[in-house]
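With the UniProt record's numbering, letter number 155 in the sequence shown gets 155, and the count goes up by one each step, no holes. C-beta atoms are modelled at their ideal positions from N, C-alpha and C, and glycine is treated no differently. Computed from a prediction, not measured in an experiment: that's the story for all the values here. Structure first, then comments.
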Amino acid sequence: MNEIEYKLESTNPVLISHATSKLFESIKKKKCDRETDHISKIAEFKLLLSKRDSTNVTLSISACQALIALVENGLWDINEALSTFTSSISSIKNYMVATTTISHLLTLDLKRDSKNKIMYPFTLHTPQHPFISILIRDKRSWQTILSQITFIVNHQDYRVKENSIKMLRPVFLYILCNPLLDSMDCCMQQVWQLLIKSKYDTNVQTEVLLWLCTTESHSCVNTNYRILELAEKALSEKNKEYCTALLPMIASLIIQLLKQDSDPRSNFDVILSIIDYCDNHIGNLMLILMAEVITLCPAIYLYNALQICMMITKKMSYDDIFFSTLKASLLKWMAYPSVLCSEALDLAKDLANKIFIKTDLTCNVETIFSNRLFTVFSHSDSYIQFYSELVMHCSIILNSSDILSWLRNISHVPIHLKDKCKLLISGLLLQSNEPLIVELCCNILVDISRETNSFGSHVLSLILHKLTKCKSSTETKCLLMVIPELVSTKENVPIINHTLNMLLNGDKQLKYFIIELYLKTLKREPRCYRFVSAAIIQLMKNDYSWYSDTTCARAMKYICENYPEHGENLVPLLSQILNRSTNMNGGTASALALGCISILCKASVIDICSTWRVLAPKMEKEKRPIVLESLCELFADAAFYTPSQGLEEYDRLINNIVSKLWTYTTSNDVKVINSALKALTSYRLEQLSLKTLPLEFRCNLVLPAAYAKTPIDAVKKPEDILPYIPGICWIQMLESINKTALPTAGNLLISFVTEEVNSFRSGIYAWPQGEPQNFKYLPEKSVIRAIGEYLRKSNKIDSNNHRIITECLRIFAHKYPKPLPNINWNFLKNMLDLSNETKRYTLSIACHHATISLSAKSFIENYLSMYKTINDMDFNWENNEHSVLYSNLEDLCQAVQPNVIKPFLDITLKHVIEKMDVGNKNSIELFHSIMYSYAQTLKNPEVCHANSTLLSTILEELLDKIDLTCDQFYSYFAAALELPMKHLERMTSPKVWWETIPGKLKNAIAIRAELVLKKHSSEASLTWLNEIIDETIASTFSVQTYFLKVIRNVLINMQFERSSLNWILDLITQVQGFFMESQQNHFDKIQFYCDILFVSIISLSGIDSMLMKEDLLIKSQNIKIKLFPQALTIIFERQDWKHAIPQMMEWLNYMRMSNISSSYKSTFHRALICLRHNSYYKDVWTKYLSIKTEIDI
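Following this line, the structure appears as structure tokens:
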């Protein structure tokens, strides 16, 4: 033994070899003689093992060679040998020797187990492949590792070669898919070449492609190299399937390289090389990808990009819409020419001028999507995923009606999805001549430009180009209306101003429309005022027509309303309009000018007193109704102006205005009368004097004794002495006013009554000795007294009085801030049956006052008592005016007891439901009216508890009789949602039901969903739906379908609510917990929860609306599975969702390994791949890649 140790310590390779040979022979002999049960107990073996990591490389190699020989001779178990060497990597000194030894052992293992097809235990994470462990500890070992990988992959023994890729899978993935900055760039190309040239286990090659990253510049460049190298191999083999699958990926990588500021020219070269070997059916997809490239690329790459576009149009089949999309991307380049790309622009003009010709090649998109390689590759590329879906969808909706539906859907999707479709919509705008399609396209593009300001210049180029080709006046108007919307983009301002100015000086009819467009520029960008002002001055200077004045006056009114600071500059122009618009045609312009003056006075830009001094002489002779109406509006606003001069002058002005308004109330024109009366409602009663009233409104007035104490006073006219207007004057006004204007006169009195009741104190409602029999306790000037006394004393038999009686009842029936003063309301009985109208007003008055008046309460209780005896056969909604009682249900429920009101509520609701069952439309409206009354009443805290309980009970009982999935019952939600939360929870909880009926369960789902939507920010959240889910699983298929539909509708309306994310995270946590359970319907439960997740994520992303697959999303499992990964990518691009990415990725990783159906596993796996472009992935990528990807090619 001493001799052997001596030789081992020498530096002579011959002696070392001889000594290790002796050790080998000794171990072999002892093992064969069975001197020990395990080789590890043999001293010579221990010595040999200790020398494998000697600093003497020759000794280390020789020792390892002897150890391998022990394995080859079956003396040492190969698994134990591998384990021994792998576990010692952390303390190893010579990585070259260790690598070579492990490589030999792995080769031996492949030879031994080739027939058994064993699963190789090594992964990227735990247990880690020894080659990876070595690379982690010593990156300089990559050459040795590469050498050994090459040796194994190209081994002469077919058993080794056939299984080498499978065994080395973790190493390939570690080297090629490493997302970290310190990745194995040095040997990537060589390793990739080994992998793609091997004809064995191509799934590993595909798996690498799926996990390659492009988020950062270095990883994007590395990924690009790998794809290009594979494409070159496919080209050399003329492999059409691979070339077709890789061509869109290379185009997509151009987009990503440009975004990473990297050079994509090698991609252009490869595309030009392989395009001849691709399926011609990918033309649509390639055109839309290249359109995106053109919008991103610097001038230096433009010619290369356009060369490819030209090749696509020559060699591939495509649809007009995608050709137009390409043309749309070129227009901005052509609008801003540059010497840097003059040659490219010539090519661009050729493309733009090229007329779409339908070739003999059929554009069958199904062909490309039947290419399994393309389908698998697309799972890793968000651009190809999205545009593939878009291409597939657009191939289905090529007729106008479908395109319209699609555009309407796009109008309502989140802005980030609109942005993804912007190029296609640009192409659709160029292609279509349908005005509706053009309008929708324009609206969507404008929405995008508001969010992405730089896109505005692109849209303007499209619009101006489209205008040059446009032949329809409707389409032209639509396009012109868009131009001002784009003024918020700075570079667009001079172009838009030049365009509008040119049009203003052009067509005579168009110039008036151009002023409206100028005005729209001001709405969008306040700094455009100077252009608007110049355009108005120019038009007024060159065109004296009434149409010109009206157009300019309307524009100035907008400026005065929104930018009064510019109003002073407009005063001379307004004066000019008033001076020259004196005929009937000029009435509109003058009216608008007066409106402008009113606005400027209100903004204190000009003074009302001095303004009226100038206007008064002109307005004295004014007879045009439209001008007088506008003048009345100015007078109405004058009540609220702040005088800049003395109060005395302002008071004189108000007196003058009031006199004018009363004069106009006797006009022959009803519109002027109505305007004057409406203007008078702006003034307080104390601002009106008796003298200003027309004579017919103050006939036969008697001077009160208090004002006629002397003979001199007694002969004076009341208007000269009374400081107030006697109430009787208002009755005379109602009697004398034009019949058509009577409701407006009534509204004037309503404003006076409102002012009067607001001045009352609480004492006026307290009458301990009983209610007064009349209103004479109110002062003579009281409007309430005048109307009340007229109602009491008027002759009800004389039909001539009915019109005024009805109007007085309407005035009293108005809902005032406070009740009218107390009186014995029994006099109302005399007017109850005069007409249906008087009945409505009478009942309203009684309801409003039932809480403070015993007579009113008695009156309404007597009326309600008839419902206790009424028969269903006698019931007639129209005649009995029940709608009035429901409109005043709040008051009734504050005043009367449940036993009084219940018969009315029961019989009316029963009648309505019966009629609704037979499709009676009036009954549907009545049902809505009842439910909204319930809602309003339940909302009122002053309603007595007993009546609130009654309404709650009725609503709960009604739930069993109606189907809330029908639209006709939607108003039930308004009432139900006003119930206390505890009551609502109990009412909709299947746990407290005796029996869970599908119809009732649907109703509970509907109510809880509506609750989430209406109150999600406060009392209720999505968790309200959780209790229902388990009951839904146990119910029928129709209930499950309905639940998914409801979830979709709820989440569409909560796309940007934080509670949506929290609910999703809770949902996936629950699903993971189900795997710990052992229930009977365990798998059904997990599947339904997964379906809820799919529908929720897809709905939150909006992609189902964009692809018009809302219905299919609920019905088709394939659609859910297909769209889920892409939808997940979309919503996790949002900033408020990013923090949840780690939790979602961990859950997806767990689910793809769980015991669920293979289609679900595949879906979760694809979703995990889609989320790899984030920072968290860098921390866990080895763990995820350790799990083998199931690839179906």
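For residue j and residue i, the rounded distance between their alpha carbons
i	j	result
P298	S338	11 Å
L1022	L1100	13 Å
V1039	I89	60 Å
A1009	L1067	16 Å
S217	I515	50 Å
D33	C186	51 Å
N542	N569	19 Å
D507	M931	57 Å
H38	I27	11 Å
N1026	Q1070	10 Å
M502	L390	39 Å
H281	M290	15 Å
M619	A593	13 Å
residue 1240	I536	Residue 1240 falls outside the range modelled here, since the chain spans only 1 to 1193, and no answer is possible.
Q1143	N1155	20 Å
S675	G746	13 Å
M311	E491	34 Å
L926	M866	20 Å
K1183	D1136	26 Å
residue 1198	N163	Only positions 1 to 1193 of the chain appear in the structure, and residue 1198 is not among them; the question remains open.
K315	M286	12 Å
8 Å Cβ cutoff met for residue i and residue j
i	j	result
V71	N94	no
Y641	K602	yes
V627	S590	yes
N738	V670	yes
Y707	L695	no
P564	I597	no
I294	V270	no
I68	L105	yes
E343	T1189	no
V191	I165	no
With 16 other Cβ atoms within 10 Å as the buried cut-off, status of residue i
i	result
P819	buried
P768	exposed
P743	exposed
Q148	buried
D891	buried
K623	exposed
D1091	buried
V614	exposed
F1083	exposed
G919	exposed
D549	buried
F635	buried
D798	exposed
Q431	buried
Residue nearest to residue i in terms of C-alpha spacing, selected from the options
i	options	result
S1060	K1085, I1033, L1093, H1082	L1093
D967	L958, A1006, E957, T996	A1006
S405	K1109, Y1177, Y1184, E1190	K1109
K1115	T996, Q1143, K1045, S432	K1045
G1102	L854, F1088, P414, K939	P414
T692	R580, R652, L703	R652
K793	R761, N826, G770, P817	N826
A1167	E1133, L1107, L1128, A1140	L1128
Cβ-Cβ separation, residue j to residue i (assumed contact under 8 Å), whole Å
i	j	result
L23	L49	No, L23 and L49 are not in contact; Cβ-Cβ is about 10 Å, not under 8 Å.
L964	K1014	Incorrect: roughly 14 Å between the Cβ atoms, too far for contact.
Neighbour flag for residue i against chain C, beta carbons, 8 Å
i	result
L330	Here chain C cannot be found, since the structure has a single protein chain.
The ligand ZN heavy atom lying under 7 Å from the CB of residue i
i	result
A335	With respect to the ligand ZN, the structure shown offers nothing to examine, as it has no ligands at all.
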